[in-house]
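To start, the structure itself, in structure tokens.
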Amino acid sequence: MGVMKRVSLVFKAKANKALDKMEDPRETLDYSYQRQLELLTKVRRGVADVATSRKRVELQMNQLQQQANRLEDQARKALGMGREDLARAALERKASAQSQLNDLQAQYASLQAEEEKLTVASQRLQSKVDAFRTRKETIKATYTAAEAQTRINEAFSGISEEMGDVGMAIQRAEDKTAQMQARAGAIDELMASGALDDAVGGRRDDIQSELDMMAASSDVERELSRLKGEIGASAPKQLEGGANGNSQASQASQAQDQRQSGAPYAPPPPQAQAQPAGIPVSDLPEPQDGEG
Amino acid sequence: MIVRILGEGQYDVDGSDTAELNRLDTELETAVEHNDEAAFTAALHALLAQVRAQGSPLPADTLEPSDLILPHPDASMDEVRKMLTDDGLIPG
Numbered sequence: 001m002g003v004m005k006r007v008s009l010v011f012k013a014k015a016n017k018a019l020d021k022m023e024d025p026r027e028t029l030d031y032s033y034q035r036q037l038e039l040l041t042k043v044r045r046g047v048a049d050v051a052t053s054r055k056r057v058e059l060q061m062n063q064l065q066q067q068a069n070r071l072e073d074q075a076r077k078a079l080g081m082g083r084e085d086l087a088r089a090a091l092e093r094k095a096s097a098q099s100q101l102n103d104l105q106a107q108y109a110s111l112q113a114e115e116e117k118l119t120v121a122s123q124r125l126q127s128k129v130d131a132f133r134t135r136k137e138t139i140k141a142t143y144t145a146a147e148a149q150t151r152i153n154e155a156f157s158g159i160s161e162e163m164g165d166v167g168m169a170i171q172r173a174e175d176k177t178a179q180m181q182a183r184a185g186a187i188d189e190l191m192a193s194g195a196l197d198d199a200v201g202g203r204r205d206d207i208q209s210e211l212d213m214m215a216a217s218s219d220v221e222r223e224l225s226r227l228k229g230e231i232g233a234s235a236p237k238q239l240e241g242g243a244n245g246n247s248q249a250s251q252a253s254q255a256q257d258q259r260q261s262g263a264p265y266a267p268p269p270p271q272a273q274a275q276p277a278g279i280p281v282s283d284l285p286e287p288q289d290g291e292g
Numbered sequence: 001m002i003v004r005i006l007g008e009g010q011y012d013v014d015g016s017d018t019a020e021l022n023r024l025d026t027e028l029e030t031a032v033e034h035n036d037e038a039a040f041t042a043a044l045h046a047l048l049a050q051v052r053a054q055g056s057p058l059p060a061d062t063l064e065p066s067d068l069i070l071p072h073p074d075a076s077m078d079e080v081r082k083m084l085t086d087d088g089l090i091p092g
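Each protein sequence line maps, in turn, to chains A and B.
Quick note on my numbering: the first sequence kicks off at 1 and runs consecutively.
Quick note on my numbering: the second sequence kicks off at 1 and runs consecutively.
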């Protein structure tokens with residue numbers, strides 16, 4: 001016996017088992033109709049669940065895309081500053097974001113297909129439930145008990161097959177949605193950990209930190225040489241004589257400290273964001289404590 | 001003869017010419033027996049295409065039980081095996 005026949009026999013066996021449980025034909029009809037309405041509600045909820053899941057994936061795809069763009073931007077900036085190593089790091093991260101994105105795109109398409117299938121299944125079930133209701137009333141009104149039983153069996157088998165089919169479709173959609181949610185959760189975690197850096201949350205990643213730091217330290221260099229120039233012009237001896245008591249020299253040495261530790265002045269300038277993530281400000285060395 | 005493709009709907013197929021359907025169905029069964037997923041997918045898709053080509057879709061509001069039922073196109077061999085057992089995939 002072929003696969004087609006065996007599958008249909010399994011369906012029939014299920015329907016017959018349910019029918020055998022009922023003694024009063026009217027009870028069969030009403031009970032079945034109740035279950036049909038429940039299934040209709042379930043399949044509609046299924047459609048909504050898949051749609052929610054699909055929207056979440058869509059959101060993540062947008063985030064990943066923004067991030068890939070931003071990482072490319074960072075790579076360009078890093079190259080502009082002559083930091084090929086940093087550009088490489090940014091591009092590697094971009095490749096990782098891109099591969100997540102490609103994965104999500106495939107999953108998105110599959111969720112979309114699932115949503116369409118369930119929508120069609122829901123419409124088909126609605127038509128059959130309507131047909132069943134009509135037939136249910138006709139059977140109740142017209143036929144003798146023996147005839148009614150035959151008609152009921154037909155209608156019941158027809159609808160129960162549809163219900164089995166729709167039930168499986170819902171199960172499949174639920175499985176896919178669950179997989180998708182697990183995956184979406186994993187990507188959220190990855191973003192939260194900074195491994196993929198959350199472009200939307202406004203967090204600064206380490207590549208951006210280093211770029212900011214480089215920009216800041218080139219500012220510092222410029223300041224430094226400006227100050228050196230001023231000092232060199234007015235009082236060259238004081239520079240050799242040490243920092244004590246000289247506010248300009250003290251400022252210069254502060255600037256140097258900042259370059260070495262990456263710590264900001266207090267109060268922090270806008271570059272404060274450049275400090276490496278994860279080190280609280282209080283753990284950084286106090287700038288120029290008690291001196292001057 | 002009414003044939004259902006799961007997840008897709010029912011088709012009214014001319015019952016006088018089932019040779020091709022039976023041949024493909026046997027192929028499908030052999031693939032399941034030999035645990036050959038690739039052959040299974042190929043046979044399933046060929047069988048579904050044959051049903052769609054040979055049959056016409058039944059209106060959605062008909063309440064006819066099917067003579068034959070076929071798995072949905074993405075079904076894995078494992079899923080079909082489960083369908084063939086009484087307490088398997090098909091909800092009671």
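For glycine and all other residues, C-beta sits at the position ideal for the given N, C-alpha and C.
Predicted model, so just to flag it, every value in this text is computed and none were measured.
> At a CB-CB cut-off below 8 angstroms, which residues of chain A make contact with B:L70?
Replying inline: In the second sequence, counting from the first residue as 1, residue 70 of chain B sits at position 70. Within chain A, the residues near B:L70 are V3, M4 and V7.
> Does DSSP put A:S122 in a helix, in a strand, or in coil?
Replying inline: Here the question's residue 122 of chain A lines up with position 122 in the first sequence. Three-state result, A:S122: helix.
>> Going by DSSP, what residue range makes up the beta strand (DSSP E) through B:D12?
In response: Within the second sequence, residue 12 of chain B is the residue found at index 12, counting from 1. Per DSSP, the continuous beta strand (DSSP E) segment holding B:D12 begins and ends at G9 to V13.
> Going along chain A, which residues have a C-beta under 8 angstroms from B:S66?
Replying inline: Counting from 1 along the second sequence, the entry for residue 66 of chain B is found at position 66. Contact annotation for B:S66 against chain A: S8, F11 and E161 [CB-CB distance below 8 angstroms, chain order].
>> For a cutoff of 9 angstroms on Cβ pairs, would you count A:K140 as touching chain B?
In response: Walking along the first sequence from the start, residue 140 of chain A turns up at place 140. So no, A:K140 is outside the interface.
> Are A:F156 and A:A18 touching if we call contact CB-CB under 9 angstroms?
Replying inline: Start at 1 with the first residue of the first sequence, and residue 156 of chain A comes out as number 156. Start at 1 with the first residue of the first sequence, and residue 18 of chain A comes out as number 18. Yes, the Cβ-Cβ distance between A:F156 and A:A18 is below 9 angstroms.
>> Considering only their Cβ atoms, is the gap separating B:A75 from B:L21 smaller than 9 angstroms?
In response: Here residue 21 of chain B is taken as the residue at index 21 of the second sequence, counted from 1. Here residue 75 of chain B is taken as the residue at index 75 of the second sequence, counted from 1. Contact: no.
> If we count Cβ pairs, one from each stretch, closer than 8 angstroms, do we get three or more for the stretch 170-184 of chain A versus the stretch 36-53 of chain A?
Replying inline: By the C-beta criterion, the stretch 170-184 of chain A is judged to be in contact with the stretch 36-53 of chain A, since at least 3 inter-stretch pairs fall below 8 angstroms.
>> Distance check for B:M77 and B:V32, CA to CA, integer angstroms please.
In response: Here residue 32 of chain B corresponds to residue number 32 of the second sequence, with the count starting at 1. Here residue 77 of chain B corresponds to residue number 77 of the second sequence, with the count starting at 1. Spanning the two alpha carbons is a distance of roughly 6 angstroms.
> Checking contacts by CB at 9 angstroms: is B:G15 closer than that to chain A?
Replying inline: On the second sequence, residue 15 of chain B is found 15 positions in, with the first residue counted as 1. For B:G15, the nearest beta carbon of chain A is not closer than 9 angstroms to its own beta carbon.
> Just checking, does the stretch 31-48 of chain A make contact with the stretch 47-66 of chain B on the three C-beta pairs under 8 angstroms criterion?
Replying inline: The stretch 31-48 of chain A is not in contact with the stretch 47-66 of chain B.
>> Check for me: the beta strand (DSSP E) holding B:G55 runs from which residue to which?
In response: Here residue 55 of chain B is taken as the residue at index 55 of the second sequence, counted from 1. The continuous beta strand (DSSP E) containing B:G55 extends over residues G55 to P57.
> Which one of B:P73, B:L63 and B:D14 has the shortest CA to CA distance from B:F40?
Replying inline: The count along the second sequence starts at 1 and reaches residue 40 of chain B at position 40. When each option's Cα is compared against that of B:F40, the closest is B:P73.
>> Report the CB separation of B:R4 from B:S66 in whole angstroms; it is logged as a contact under 8 angstroms.
In response: The residue given as residue 4 of chain B occupies position 4 in the second sequence. The residue given as residue 66 of chain B occupies position 66 in the second sequence. About 4 angstroms; that satisfies the 8 angstroms criterion.
> So does the stretch 94-114 of chain A actually touch the stretch 62-70 of chain A, counting three or more Cβ pairs closer than 8 angstroms?
Replying inline: Yes, since at least three Cβ pairs between the stretch 94-114 of chain A and the stretch 62-70 of chain A fall closer than 8 angstroms, the two stretches touch.
>> Assuming A:R172 is part of the alpha helix (DSSP H), what are its boundary residues?
In response: Position 172 of the first sequence, counting from 1, holds the residue named residue 172 of chain A. Residues A145 to A192.
> Between B:D2 and B:D17, which are expected to be in contact by the criterion C-beta below 8 angstroms, what is the C-beta distance as a whole number of angstroms?
Replying inline: As a first step, residue 2 of chain B must be located in the second sequence, where it is residue number 2. As a first step, residue 17 of chain B must be located in the second sequence, where it is residue number 17. The residue asked about is misnamed: residue 2 of chain B is Ile in this sequence, not Asp. Between B:D17 and B:I2 the Cβ distance is about 15 angstroms, and since that is not below 8 angstroms, they are no contact.
>> Please classify A:G46 as buried or exposed, where buried requires at least 16 neighbouring CB atoms within 10 angstroms.
In response: For the purposes of this step, residue 46 of chain A is taken as the residue at position 46 of the first sequence. Using a 10 angstroms sphere on the CB of A:G46, the tally of other CB atoms reaches 16 or more, which defines it as buried.
> Quick one: Cα of A:A216 to Cα of A:G229, how far?
Replying inline: By one-based count along the first sequence, residue 216 of chain A stands at place 216. By one-based count along the first sequence, residue 229 of chain A stands at place 229. If you draw a straight line from the Cα of A:A216 to the Cα of A:G229, it comes to about 20 angstroms.
>> Taking only three categories from DSSP, how would you classify A:Y265?
In response: Mapped onto the first sequence, residue 265 of chain A falls at position 265. Low confidence applies here, because A:Y265 scores a pLDDT of 48, under 50, leaving its location unreliable; read the following figure in that light. Coil at A:Y265, not helix or strand.
> Nearest to B:D25 by CA position, among B:N35, B:G9, B:E8 and B:L44, is which residue?
Replying inline: In the second sequence, counting from the first residue as 1, residue 25 of chain B sits at position 25. The option with the nearest alpha carbon to B:D25 is B:L44.
> Short check: CB of A:A113 to CB of A:D165, under 9 angstroms?
Replying inline: Residue numbering aside, residue 113 of chain A sits at position 113 when the first sequence is read from its first letter. Residue numbering aside, residue 165 of chain A sits at position 165 when the first sequence is read from its first letter. No, the Cβ-Cβ distance between A:A113 and A:D165 is not below 9 angstroms.
> For B:R4, does the three-state DSSP call read helix, strand or coil?
Replying inline: To locate residue 4 of chain B, count along the second sequence from 1; it is residue 4. Collapsing the DSSP output to three states places B:R4 in a strand.
> In whole angstroms, what separates the C-alpha of A:D24 from that of A:A48?
Replying inline: The residue you call residue 24 of chain A lines up with position 24 of the first sequence. The residue you call residue 48 of chain A lines up with position 48 of the first sequence. Using only the alpha carbons, I get a separation of about 37 angstroms.
>> My assumption, with CB atoms under 8 angstroms, is that A:L111 sits in contact with A:M180. Please give the rounded CB distance.
In response: For the purposes of this step, residue 111 of chain A is taken as the residue at position 111 of the first sequence. For the purposes of this step, residue 180 of chain A is taken as the residue at position 180 of the first sequence. The Cβ separation is near 6 angstroms, so the contact holds.
> For A:A106, which of A:T144, A:L125, A:M61 and A:A90 has the nearest alpha-carbon?
Replying inline: Within the first sequence, numbered from 1, the residue matching residue 106 of chain A stands at position 106. Taking only the C-alpha atoms, the option nearest A:A106 is A:M61.
>> Using the three-state DSSP reduction, which class does B:L70 fall into: helix, strand or coil?
In response: Taking the second sequence and counting its residues from 1, the one referred to as residue 70 of chain B is at position 70. The three-state secondary structure of B:L70, taken from DSSP, is strand.
> Is A:S96 close to chain B, meaning its C-beta is less than 9 angstroms from at least one C-beta of that chain?
Replying inline: As a working note, residue 96 of chain A is residue 96 in the first sequence. The beta carbon of A:S96 sits no closer than 9 angstroms to any beta carbon of chain B.
>> Judging by CA-CA distance, which residue of A:A192, A:M163, A:K176 and A:A75 is the nearest neighbour of A:Q63?
In response: Here residue 63 of chain A refers to the residue found at position 63 of the first sequence. With respect to the C-alpha of A:Q63, the residue from A:A192, A:M163, A:K176 and A:A75 having the closest C-alpha is A:A192.
> chain B partners of A:D130, CB-CB under 7 angstroms?
Replying inline: As a first step, residue 130 of chain A is located in the first sequence; it is residue number 130 there, counting from the start. Ordered by position in chain B, the residues that pass the 7 angstroms Cβ test against A:D130 are D61.
> Around the Cβ of A:S160, are there at least 16 other Cβ atoms within 10 angstroms (buried) or fewer (exposed)?
Replying inline: In the first sequence, the residue the question calls residue 160 of chain A occupies position 160. Result: buried.
> Would DSSP call A:S32 helix, strand or coil?
Replying inline: As a working mapping, residue 32 of chain A is identified with position 32 in the first sequence. Here A:S32 sits in helix by DSSP.
> Would the beta-carbon of A:L125 fall within 9 angstroms of that of A:L211?
Replying inline: Reading the first sequence from its first residue, position 125 is the one you call residue 125 of chain A. Reading the first sequence from its first residue, position 211 is the one you call residue 211 of chain A. A:L125 is not a Cβ neighbour of A:L211, given a cutoff of 9 angstroms.
> Hey, how far is the Cα of B:G9 from the Cα of A:Q98?
Replying inline: Numbered from 1 along the second sequence, position 9 holds the residue referred to as residue 9 of chain B. Numbered from 1 along the first sequence, position 98 holds the residue referred to as residue 98 of chain A. If you take the alpha carbons of B:G9 and A:Q98, they lie about 38 angstroms apart.
> Cβ of B:E29 within 9 angstroms of Cβ of A:V3?
Replying inline: Reading the second sequence from its first residue, position 29 is the one you call residue 29 of chain B. Reading the first sequence from its first residue, position 3 is the one you call residue 3 of chain A. For B:E29 and A:V3, yes; Cβs fall inside 9 angstroms.
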